[in-house]
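Going by the numbering used here, the sequence shown opens with residue 3, and the numbers climb by one from there. We put the beta carbon where it would ideally sit given N, CA and C, even for glycine. Note that the coordinates shown come from a computational prediction; the quantities given were computed from them, not determined experimentally.
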Amino acid sequence: GGHMAGPEDDARGAVAQASVLEKDLKDLERLLKADQAAVAAANGGAAGGESARIKQSLRTVLRKLMEAYFNPLNVHKREMRSLLGLLRVALQRHAEIFTGSSTFCVRTFAHLLPLLTCAGLSESVTDTIVWTLCQLSSQLSNAGDPKTFAALCVGIAELVEDVAQVLEIHSCAPGHPHGHGAVLCCFGEAMRRMCDDAGPDTPPQSERPDGRGSGRKPANGESRVLDVSRHTRDVAPVRVDGLAVEVGGSEAAERVATVACKLLTHALRVGPHVTTGFVSPATARAVSHIVASPAYADRALRRAAVATLRTVFTESAALILPGETCLRAVASALFERANVDTGPAGSVEREGYDGELAACVDAVASASDIADVAACADAAATASIAVVASGEEACGANLRASALRTLRMSVAAKPALVSALPGLLPHAGSRDVADALIACLHPVFAPKVSTFTEKRRRLGGGDEV
């Protein structure tokens with residue numbers, strides 16, 4: 003006869019499960035050592051079959067452990083940190099575990115991303131999770147499965163757009179650090195590809211109602227979400243809409259936005275040929291909204307967004323990018339930098355931010371066409387003058403040089419702006435400012451060619467034809 007499980011069985015089961023997981027963690031360490039030995043033997047000319055078998059065992063054990071520990075209930079446990087450390091070792095020294103299975107990369111990614119919104123995560127754990135997510139996208143780009151890598155890139159770009167909207171909601175109603183919760187449904191296509199990889203516990207596409215990848219969100223507005231930690235072998239077929247990331251307040255929103263920006267920057271660097279195809283004008287606008295928003299003036303988020311905007315402009319085709327919007331955003335960030343102290347001169351924090359902002363201003367300005375520059379010339383000139391007028395000690399030399407280049411460009415696009423230049427005269431003792439003033443004023447005072455001579459030259463040219 004069947005046996006009904008009671009509370010005592012549950013308690014016994016929990017203790018047994020804890021000891022099994024403890025054993026699994028030890029197993030994982032043992033397998034990582036065995037894999038290293040097998041790889042060394044294979045390099046020595048032995049058969050590589052043993053190594054492949056060990057890697058499959060490693061995936062199985064890692065998956066079991068991730069389902070147990072990479073969830074919000076266990077996020078502060080010592081075992082979770084041990085597992086994160088072992089995952090780091092696996093990524094650094096056993097890359098084939100991941101490059102050998104694109105869906106395993108996505109599964110690991112899906113387990114880790116939602117953890118970032120848990121309250122009270124230490125900075126070191128957060129940094130390790132972000133590093134791991136970036137490495138997973140690198141391994142996926144090397145896994146020989148361009149469609150799944152493309153699906154991840156689409157998910158990252160859409161996450162940036164969605165979380166920028168959540169940030170905007172928070173900025174409209176400040177003072178609620180834990181209010182305005184949102185659930186983002188993301189990485190739909192990547193999740194579907196993961197589930198369609200015929201693992202033992204995921205139903206194949208044909209058995210699921212409406213398994214097609216029909217875009218980012220279901221039309222009926224409901225969002226049934228894949229729970230990556232639940233085995234679905236014995237339950238009804240699921241429809242996978244994506245990964246749910248709960249964003250409980252403004253702090254969580256800023257953390258997710260920072261990570262989304264870092265992931266997009268990383269994806270653009272490791273797979274620009276794929277990623278640039280999925281960076282739309284909406285993605286660039288979302289990033290520039292974060293760059294321009296005064297709410298994040300002094301935070302990691304602003305720096306991450308500035309780096310992303312720079313990379314988007316460096317890697318993508320300028321034709322599809324909203325040059326005017328992005329130029330206004332960098333002008334706003336420049337102006338704010340002139341008025342915000344980001345730390346003592348020479349500090350790593352300040353030098354890093356100033357260098358990143360200078361590179362971003364240069365990238366956006368050089369990719370924008372003359373019409374966009376003319377449209378933003380007032381804001382750009384005002385911001386550039388403010389940066390230079392704040393003094394040589396107030397910001398990095400590269401940012402000051404970038405501001406002067408932007409000023410020359412703005413005045414060239416809109417000559418009437420020479421009327422704003424007297425504000426720089428008190429600083430004309432500096433060689434760089436003097437040079438910029440001369441370059442800006444030269445066209446105004448340059449002798450004009452007489453229109454009569456000009457007309458004769460044109461007519462003369464016409465006669466020769």
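Runs of the alpha helix (DSSP H) lying entirely within the region 347-389, each at least 4 residues long, are 350-369 in chain order.
Burial state of Gly-122 is exposed, judged by a 10 Å Cβ sphere holding fewer than 16 other Cβ atoms. In the three-state reduction of the DSSP assignment, Val-242 falls in the coil class, being assigned neither a helical nor a strand state.
At a Cβ-Cβ threshold of 8 Å, Thr-278 and Ala-306 do not count as neighbours. Look at Leu-186 here: in three-state DSSP terms it is strand. Across the structure, Ala-360 and Leu-115 are spaced so that their CA atoms are roughly 30 Å apart.
Comparing alpha carbon positions, the residue from Arg-194, Glu-394, Leu-169 closest to Gly-183 is Leu-169. When DSSP states are grouped into helix, strand and coil, Val-342 belongs to the coil group. Taking the Cβ atoms as the reference, Ala-40 lies roughly 5 Å from Glu-52, within the contact range of under 8 Å. Between the alpha carbons of Arg-257 and Ser-124 lies a distance of about 12 Å. Between Leu-245 and Phe-280 a beta carbon distance of about 17 Å is seen, past the 8 Å cut, so the two are scored as non-contacting. Spatial neighbours of Ser-139 in its own chain (CB-CB distance under 7 Å, excluding positions within 5 residues in sequence) are listed in chain order as Leu-154, Leu-265, His-268, Ala-269, Val-272.
With contacts defined by Cβ atoms closer than 8 Å, Val-390 and Arg-402 form a contacting pair. Less than 8 Å separates the beta-carbon of Val-293 from that of Ala-335.
Exclusion of the five residues before and after Ala-36 leaves Ile-56 as the residues of its chain whose Cβ lies within less than 7 Å of its Cβ. A distance of 8 Å or more separates the beta carbons of Gly-398 and Glu-351. For the 8 Å CB-CB criterion, Val-132 and Arg-83 do not form a contact. Under the three-state reduction of DSSP, Glu-394 is assigned to coil, being neither helix nor strand.
The C-beta distance from Val-108 to Met-196 rounds to 4 Å, short enough to fall under 8 Å.
Note on geometry: alpha-carbon atoms of Ala-365 and Glu-69 lie some 42 Å from one another. Under the rule that a run must span 4 or more residues, the alpha helix (DSSP H) segments found entirely inside the region 81-112 read 98-101.
Scanning Ala-320, Gly-345, Thr-150 for the CA closest to the CA of Arg-194 turns up Thr-150. Taking all protein chains in view, the Cβ of Arg-339 is crowded by 16 or more other Cβ atoms within 10 Å, so the residue is classified as buried. DSSP places His-275 in the uninterrupted alpha helix (DSSP H) bounded by 274-277.
Around the CB of Leu-75, fewer than 16 other CB atoms lie within 10 Å, so the residue is classed as exposed. DSSP places Val-165 within a helical segment (H, G or I) once states are collapsed to three.
For Leu-409, the closest of Ala-438, Pro-428, Ser-421 by C-alpha to C-alpha distance is Ala-438. In this structure, the beta-carbon distance from Ala-415 to Ala-381 does not fall below 8 Å. In this structure Pro-445 is in contact with Pro-417, their Cβ atoms being roughly 7 Å apart against a cut-off of 8 Å. With respect to Val-289, Val-314 sits close: the two C-beta atoms are nearer than 8 Å. When only Cα atoms are considered, Thr-134 and Asp-243 end up about 24 Å apart. Excluding sequence positions up to five before and after Val-420, its CB lies within less than 7 Å of the CB of Val-413, Cys-442, Leu-443, Val-446, all in the same chain and listed in chain order. Between the alpha carbons of Asp-343 and Glu-358 lies a gap of roughly 16 Å. Going by C-alpha positions, Leu-67 is about 44 Å away from Gly-348. DSSP links Glu-248 through a beta bridge to Val-185.
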